[in-house]
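This report concerns only the one structure given below.
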Amino acid sequence: MDERILIIPCSGIGKTFGTVAREGAYAVTEDLCPSETKLLPLALLVLGEDETRVTLLGARAITIDGCKLSCAANVVREQGGAVSHELQVLDVFRRHRELKPSGIAELDENGRKLAEALAEEVRNLVHDMRGGANHA
Numbered sequence: 780m781d782e783r784i785l786i787i788p789c790s791g792i793g794k795t796f797g798t799v800a801r802e803g804a805y806a807v808t809e810d811l812c813p814s815e816t817k818l819l820p821l822a823l824l825v826l827g828e829d830e831t832r833v834t835l836l837g838a839r840a841i842t843i844d845g846c847k848l849s850c851a852a853n854v855v856r857e858q859g860g861a862v863s864h865e866l867q868v869l870d871v872f873r874r875h876r877e878l879k880p881s882g883i884a885e886l887d888e889n890g891r892k893l894a895e896a897l898a899e900e901v902r903n904l905v906h907d908m909r910g911g912a913n914h915a
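So the mapping is simple: the working numbering equals the position in the sequence shown, first residue as 1, plus 779.
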C-alpha cells in the first residue's frame, strides 16, 4: 500500500491564489518531499475517476485551497476521503504580507516566493505527520 501523503491543491484556474496553491503543491511533490508525497489532481476527484477515488480512500491528505470556498477540502470529503490538514493560501499570505502575488498563467517574483513559503509550511506538516519534529 502506498503510504505517501496526498497533496491536493485547488484548481483555481484564472485566480492568482489558485496558481500559488498549485505551484506550492508542485514544489512539495516534485522537489521538497517527492518520496513522501503524491500529487492528486482535484479535477479527477470532481469527475469521480475510480482509480483516483481508490487512491484517496484510506490515505492521509493535505488540501491547499486558493480561496475560502475550500473546494479541494470539500471535494475530498464528498468523495469519502479524510482531510488531515486544510491550508488556505490566503492564510499563508497573511503571514507574509510583503509577498503580494500577481499573475495567473505565470506568477511574478512575489507569487513564486509565496508559493515557496506555502510549500515550506506543507513540508513541515508532512514531516510532522510522518513522526518528525525538526523543521528546517
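No residue lacks a Cβ here, since even glycine has one placed at the ideal position from N, Cα and C.
Length of the line joining the Cα atoms of residue i and residue j
i	j	result
I792	G882	12 Å
R832	Q858	7 Å
D887	A894	11 Å
Where residue i sits in the DSSP three-state scheme
i	result
V819	Per the sequence presented here, residue 819 reads as Leu, with Val not at that position. If DSSP states are grouped into helix, strand and coil, L819 belongs with coil.
A861	strand
D781	coil
Close Cβ partners of residue i (< 7 Å) along its chain, the five nearest in sequence each way excluded
i	result
A898	G803, A806, V807, L811
Residue burial classification, residue i (beta-carbon count within 10 angstroms, cutoff 16)
i	result
E900	buried
D870	exposed
P788	buried
L824	buried
L848	exposed
Nonlocal neighbours in the same chain, by C-beta distance under 8 Å from residue i, ignoring five residues either side
i	result
G890	T795, T798, V799, E802, L878, P880, S881, G882
D781	K817, T834, A838
Contact set for residue i: own chain, Cβ-Cβ below 6 Å, skip 5 residues either direction
i	result
L866	I843
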